[in-house]
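Below: the structure, in structure tokens.
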Amino acid sequence: MRHPLLLVILAFVVWSGTFLLVYATQATGCSVGWHNDEIAFWRSPLRFILIVLVIIGLVAIVGTLAWLRRRNTLTAALETSTFLDDVKTYVAIGAIFSSAFCFAGVFWLTLCPL
Amino acid sequence: MLWGSFALFTLVLGLFLAAVLVPRFGRGVSQTRWIILGGLVLPLPVLTGLTFYAFAEGEFLLKGAVSEADEVLEIRATGRMWQWQFSYPSVSGSPVHTDLLHIPAGRTVEIIAESEDVIHSFWVPRLGGKIDAVPGHSNRLRIRADQPGRYGGICSEYCGTGHAGMQFEVQAHRQEDFREVVTGGFRHD
Amino acid sequence: MTENQSIHHNPIALHKALDRIWGTKPGWGRLAAVNHNVIGVRFMLTALVFFAIGGVLAMLIRTQLASSQSVFMDAETYGQVFTMHGTIMMFLFAIPFFEGMAIYLLPKLLGTRDLAFPRLGAYGYWCYLFGGMILIGALLAGVAPNSGWFMYTPLSSSVYAPGINSDVWLLGITFVEISALSAAVEIIVTIMKIRAPGMSLDRMPIFAWYMLVVATMMLIGFPPLILGSILLEVERAFDLPFFDPTRGGDPLLWQHLFWLFGHPEVYIIFLPAAGAISTILPVLAGTPLAGYRMIVAAIVSMAFLSFGLWVHHMYTVGIPHVALSFFSAASALVAIPTAIQIFAWLATLAHGRPRFSIPMLHIFGFFFVFVIGGLTGVMLAMVPFDWQAHDTHFVVAHLHYVLVGGFIFPMLAMAYYWVPHLTGKQPVQHLSHAAFWMIFIGFNVTFFFMHLTGLRGMPRRIFEYPPEFGWEVLNFVSSMGSFVMAMGFALVALDFILLFKFGRAFRRNPWKAGTLEWAMPTPPPPYNFASIPRIDNRADLLDPDVIGPHLAAGRGYLGIPRDDRMEVLGVNSVTGEPEQLVLLPRQTFLPFWTAVATGSFFLLMLFKFYWATPVALSAVILCFCLWSRSGPSSFDDDAVPIGHGETVPVHIRAESPPSYLAMVLTLVADATLYISLLFGCLFLWISAPNWPPENVQNPNLWLLILAATTMSLGSLGSRISKKSAHMSLVGNGLAFAGYLISTGLFISIAFYSLAPASVHAATASLFVVFCYVTLHGVVGSIFAAHALWRALRDHDMSVRALDLKIGGLWHDYSAASGFGAVGFCLLLDSLVHGGGL
Ligand code: HEM
Ligand SMILES: [Cu+2]
Ligand SMILES: [Cu+2]
Numbered sequence: 298m299r300h301p302l303l304l305v306i307l308a309f310v311v312w313s314g315t316f317l318l319v320y321a322t323q324a325t326g327c328s329v330g331w332h333n334d335e336i337a338f339w340r341s342p343l344r345f346i347l348i349v350l351v352i353i354g355l356v357a358i359v360g361t362l363a364w365l366r367r368r369n370t371l372t373a374a375l376e377t378s379t380f381l382d383d384v385k386t387y388v389a390i391g392a393i394f395s396s397a398f399c400f401a402g403v404f405w406l407t408l409c410p411l
Numbered sequence: 072m073l074w075g076s077f078a079l080f081t082l083v084l085g086l087f088l089a090a091v092l093v094p095r096f097g098r099g100v101s102q103t104r105w106i107i108l109g110g111l112v113l114p115l116p117v118l119t120g121l122t123f124y125a126f127a128e129g130e131f132l133l134k135g136a137v138s139e140a141d142e143v144l145e146i147r148a149t150g151r152m153w154q155w156q157f158s159y160p161s162v163s164g165s166p167v168h169t170d171l172l173h174i175p176a177g178r179t180v181e182i183i184a185e186s187e188d189v190i191h192s193f194w195v196p197r198l199g200g201k202i203d204a205v206p207g208h209s210n211r212l213r214i215r216a217d218q219p220g221r222y223g224g225i226c227s228e229y230c231g232t233g234h235a236g237m238q239f240e241v242q243a244h245r246q247e248d249f250r251e252v253v254t255g256g257f258r259h260d
Numbered sequence: 136m137t138e139n140q141s142i143h144h145n146p147i148a149l150h151k152a153l154d155r156i157w158g159t160k161p162g163w164g165r166l167a168a169v170n171h172n173v174i175g176v177r178f179m180l181t182a183l184v185f186f187a188i189g190g191v192l193a194m195l196i197r198t199q200l201a202s203s204q205s206v207f208m209d210a211e212t213y214g215q216v217f218t219m220h221g222t223i224m225m226f227l228f229a230i231p232f233f234e235g236m237a238i239y240l241l242p243k244l245l246g247t248r249d250l251a252f253p254r255l256g257a258y259g260y261w262c263y264l265f266g267g268m269i270l271i272g273a274l275l276a277g278v279a280p281n282s283g284w285f286m287y288t289p290l291s292s293s294v295y296a297p298g299i300n301s302d303v304w305l306l307g308i309t310f311v312e313i314s315a316l317s318a319a320v321e322i323i324v325t326i327m328k329i330r331a332p333g334m335s336l337d338r339m340p341i342f343a344w345y346m347l348v349v350a351t352m353m354l355i356g357f358p359p360l361i362l363g364s365i366l367l368e369v370e371r372a373f374d375l376p377f378f379d380p381t382r383g384g385d386p387l388l389w390q391h392l393f394w395l396f397g398h399p400e401v402y403i404i405f406l407p408a409a410g411a412i413s414t415i416l417p418v419l420a421g422t423p424l425a426g427y428r429m430i431v432a433a434i435v436s437m438a439f440l441s442f443g444l445w446v447h448h449m450y451t452v453g454i455p456h457v458a459l460s461f462f463s464a465a466s467a468l469v470a471i472p473t474a475i476q477i478f479a480w481l482a483t484l485a486h487g488r489p490r491f492s493i494p495m496l497h498i499f500g501f502f503f504v505f506v507i508g509g510l511t512g513v514m515l516a517m518v519p520f521d522w523q524a525h526d527t528h529f530v531v532a533h534l535h536y537v538l539v540g541g542f543i544f545p546m547l548a549m550a551y552y553w554v555p556h557l558t559g560k561q562p563v564q565h566l567s568h569a570a571f572w573m574i575f576i577g578f579n580v581t582f583f584f585m586h587l588t589g590l591r592g593m594p595r596r597i598f599e600y601p602p603e604f605g606w607e608v609l610n611f612v613s614s615m616g617s618f619v620m621a622m623g624f625a626l627v628a629l630d631f632i633l634l635f636k637f638g639r640a641f642r643r644n645p646w647k648a649g650t651l652e653w654a655m656p657t658p659p660p661p662y663n664f665a666s667i668p669r670i671d672n673r674a675d676l677l678d679p680d681v682i683g684p685h686l687a688a689g690r691g692y693l694g695i696p697r698d699d700r701m702e703v704l705g706v707n708s709v710t711g712e713p714e715q716l717v718l719l720p721r722q723t724f725l726p727f728w729t730a731v732a733t734g735s736f737f738l739l740m741l742f743k744f745y746w747a748t749p750v751a752l753s754a755v756i757l758c759f760c761l762w763s764r765s766g767p768s769s770f771d772d773d774a775v776p777i778g779h780g781e782t783v784p785v786h787i788r789a790e791s792p793p794s795y796l797a798m799v800l801t802l803v804a805d806a807t808l809y810i811s812l813l814f815g816c817l818f819l820w821i822s823a824p825n826w827p828p829e830n831v832q833n834p835n836l837w838l839l840i841l842a843a844t845t846m847s848l849g850s851l852g853s854r855i856s857k858k859s860a861h862m863s864l865v866g867n868g869l870a871f872a873g874y875l876i877s878t879g880l881f882i883s884i885a886f887y888s889l890a891p892a893s894v895h896a897a898t899a900s901l902f903v904v905f906c907y908v909t910l911h912g913v914v915g916s917i918f919a920a921h922a923l924w925r926a927l928r929d930h931d932m933s934v935r936a937l938d939l940k941i942g943g944l945w946h947d948y949s950a951a952s953g954f955g956a957v958g959f960c961l962l963l964d965s966l967v968h969g970g971g972l
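Protein chains in written order, with our numbering: chain A, 298 to 411; chain B, 72 to 260; chain C, 136 to 972.
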């Protein structure tokens, strides 16, 4: 089942998971009112939860890259393996950058409808 | 944004034409270099700057240029096929106005957009962004007219055959006149 | 033996023998065609007809808008015209056209004879044709859809659109989407399994990488749209209130489902075109493509990012800023992989010796137009800008810059490049230059000024505007430009007609390309390659002039036809080493009849003969059961010679046959639909008004668990049945019995144990979830019954192992979906009664 192409997309699968989780949590939080009180630094519980989720997501993706780098793709030809290793590294770096970039807004932007 | 886009467009097209028409153009730069420079080094700073600037601008527009202390005036805008009705919850004794929205100039106004049937969208191009009136939801949008005057408004979400005609007018009045106009006591022109 | 002798290394005899096997029969036999050459060309030609229709509608739009208070069309007609223009261009032209192109080209570029599932391709084509005809029929009858190509509800609901118009869209498009999903499965399996030996992943032609990514995106992107269409149709037909805010539904659910499909869709359209550019441009530049690995990484990233920005079509619906920021950032980011591709192409050009030619001219058009479209795209990705520009003609201009730049110009480049392959003729007349410049100039005049019209505040989709708004001059200029462009397209058509008539023949490989499609006679014979090559280099750096004659003489694999069978090689998906001999089904009318049965279902739905739909559904299922009959049963041997002294097992005995992968992929699409459904219902809890529902009546929990458990007997049974011939009877019997009980339970829970589904979206959700599970149970029982029947007839386990494996996948998934339904029911219950968390 461990098809090398699955390893190629793994980092972005983690990104997608983080994306869904963060978005769903934000929407749920607004709907049940986690944004209303301030717990510390004039910030609401919802904001803290989101920040924590984003950081966990980032760590998970960086971890994924590290894990991918340690596994070499076991295939017949050397060329094929280096090819797959290269592609999967590029993709993982892209995913890490995307995570940092996409979720930066959780730190200060308006959380819920006015 | 316009000039930046123009510069980027000229750059890419210039490179394309040079690469096709000028022999040996760009050979000195390795292929990987080309990709890294053009695919990452060029767009990344531009996009980052733009995105974060847009976040800040978006926050500013959301707040509608008010400091915490200012009071915003709430106005309910109800869309229905094919007209807008405006009511003023905070101005007692004000009737419902159809296709004519009075606002005070120099004060931020919060539109609460609602719909009785299908989705419409409230938009006054010269006063700010647009907000959809979605049945079952009340969405809020802050707008502000700095000068008294007339501004055209138009529905900007397709809502059936009357969509093109679903226009309204905004009149911004001096703060002093506003209440009287809304309650109908003041005869304009 | 004597026949074989004469064929040996004799190209003419070999051609005759293969042509007899692979060729499509004349006359009515054409309806039985399954060959990818025929199907691919049919797809493309049909799509071009739809393009012409969509183009005529565009001209009507431009005529109407040329002046401010035009009396040419009334509002209702205009609504139908722009809706159908968008719908036709997106669903009936762009997607089917590149599907056809992929169907035609992929086997050739991959060095093989056909796609993995020729009958599926044929079935997809008929679904597309019939579905498209339903839409065009409605247009002619004046009852075409009229709520815009994204069909926002409630405008498209039964309250505000009581006519048949919306049903035409929902049912017709869903019918057409069957072809998109089947093409997706077929393309993925073909790229993964049916390649020339030696073609490891790193040697695949770049176009195959593009199509692999695109097909995967289709597999994930289309189910949300299909789900949305089903839910809206169910709301219209049976009053289940998914989108009705007065009963706990939410119009925004439709928007999420639509754009979750709709945005990836734009990339699904762009990427095949980019793949064509990546294939053509290096040939014209006379040098290999730069940055192969980076491009592969870029398109994979692009595929993911494109699923993370659907909300940029919904910036104005009242979603909080922080959530918008995720989507806005992702939308900006998607420019990076695009830039990487653009600069890879520039690098290729810089390092080559570009030859000027007609395809190159269109590639110039692509660069010019697409870059502008990309830049306005980044602008629109910025939330504050979009609050201004959203739903104005600025967006119309942007989307045409992207679609025409990113699809039409590459497709024209591609047409000028590959039509010689398709027809075996090269152009002689030279209308091509004039045609290009007319399209190019006409396009820019039309749409560049439309940006300004939009910025001056003209909303899209209005059929008239007051003269004093100052939009008239710009609109008039746009309209003039569009007529010039239309004439340009007419010239292109004429250019190709002249080519068909008077073009002159050429010897092999006119562009000096390094890809395998030129290593065959042109126009291509139905079997493509008389024998299958072994690849020892990246598949765009080969020499067709050497390989061609070698293969034609039958010196590659499978160079000797046997027993009238259509044979191709299946390879290991990573290394490309031969693993199995895949026997393809022969020409058959089954796909046609299956599509007719499917179409009858959609027509019955459309005309509201709901009571008769079970008949049509049974007919569809019956047809599909017949498909499995004609599967190959001979070849008991585990080691069939394939030439060069190598032997492989036949696919039904192989480790990982194509159909197994196809089932996995089908279930991936199916699971995407199910997950979207569950998430969609939870979304209603978060977003919709009138929650929690007042009197929800929950199904009996123990009954529900009993239903799910009996359903999982299917999974258990399938495990038992793999043990031996005897156990096979027991296992499948158990599975069948389990399904009978569980479907009965689920359906009665859905109908009797819930409050009526029309009362509230919560009960409607549960109802639909149970129906979904029931449907899986019914199909599972068919699998089990089929396996039982075969076990009774045929005691040789080894030929049935594949069927059992595939059935096993289904049984496992059904079991999971049953337990998923139980879990969902509990979750919804606790959310509703817990009053939140
Ligand atoms: C042949 C030249 C074309 C012209 C002159 C043209 C013109 C137009 C115009 C004026 C509109 C806006 C209608 C309105 O909002 O009132 C429009 C909408 C649209 N066009 Fe085109 N178009 C052309 C080609 C295409 C192509 C090739 C595609 C896609 C592949 C396409 C896709 C669309 C879509 C999706 C819409 C939105 C429809 C809607 O609002 O529901 N168009 N077109
Ligand atoms: Cu409207
Ligand atoms: Cu989009």
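The beta carbon of each residue, even a glycine, is placed where N, CA and C say it ideally should be.
In its chain, beyond the 5 residues on either side, R197, T198, L200, A201 and T581 have a beta carbon closer than 8 Å to the beta carbon of S614 of chain C. Counted as a single uninterrupted DSSP element, the alpha helix (DSSP H) harbouring F575 of chain C occupies residues S567 to L590. Near chain A, meaning a CB-to-CB distance below 9 Å, the residues of the region 330-343 of chain C are S335, L336, D337 and R338.
Restricting attention to C:F491, C:P656 and C:T483, the CA atom closest to the CA of V100 of chain B is found in C:T483. Listed along chain C is no residue with a C-beta nearer than 7 Å to that of D334 of chain A; the closest approach is about 15 Å. Here P679 of chain C is not bridged, per DSSP, to any residue. Taking 7 Å as the cut-off, the Cβ atoms of E228 of chain B and S209 of chain B do not count as close. Counting only residues of its own chain and dropping the five nearest sequence neighbours on each side, Y809 of chain C has a CB closer than 8 Å to the CB of Y907, S952 and G955.
The region 252-259 of chain C makes contact with the region 718-726 of chain C; the number of CB pairs closer than 8 Å reaches 3 or more. A distance below 7 Å between beta-carbons, with the five flanking residues on each side excluded, links G363 of chain C to the following residues of its chain, in chain order: W389, L392 and F393.
In this structure N663 of chain C is buried. Its beta-carbon is surrounded by 16 or more other beta-carbon atoms within 10 angstroms. Among the residues facing chain B, Q523 of chain C is included, as its CB has a counterpart in that chain under 7 Å away. Minimum Cα-Cα distance from H448 of chain C among the listed residues C:A516, C:V418 and C:A897 corresponds to C:A516.
Its Cα nearest to that of G778 of chain C, the residue C:P668 stands out among C:A896, C:L354 and C:P668.
With 16 or more other Cβ atoms from the protein chains shown falling within 10 Å of its own Cβ, S949 of chain C counts as buried. Secondary structure in the region 348-374 of chain A: no alpha helix (DSSP H) run of 4 residues or longer lies completely within the stretch. Residue side-chain check: E228 of chain B places its Cβ nearer than 6 Å to a non-hydrogen atom of ligand 2.
In this structure, W646 of chain C sits away from P679 of chain C, with a CB-CB distance that is not shorter than 7 Å. Secondary structure remark: continuous beta strand (DSSP E) runs of at least 3 residues inside the region 732-820 of chain C, in chain order: 775-778 and 781-783. Restricted to the region 368-454 of chain C, not a single beta strand (DSSP E) segment is unbroken, complete and at least 3 residues in length.
The continuous stretches of alpha helix (DSSP H) do not include K647 of chain C, and DSSP gives it neither H nor E. By the neighbour-count criterion, in which 16 or more other beta carbons inside 10 Å mark a residue as buried, Y745 of chain C falls on the exposed side. At a cut-off of 7 Å between C-beta atoms, L133 of chain B counts as an interface residue with respect to chain A. Residues Q204 of the same chain have their beta carbon placed closer than 6 Å to that of E599 of chain C, with the five preceding and five following residues left out of the count. The C-alpha of L739 of chain C is placed about 49 Å away from the C-alpha of R213 of chain B.
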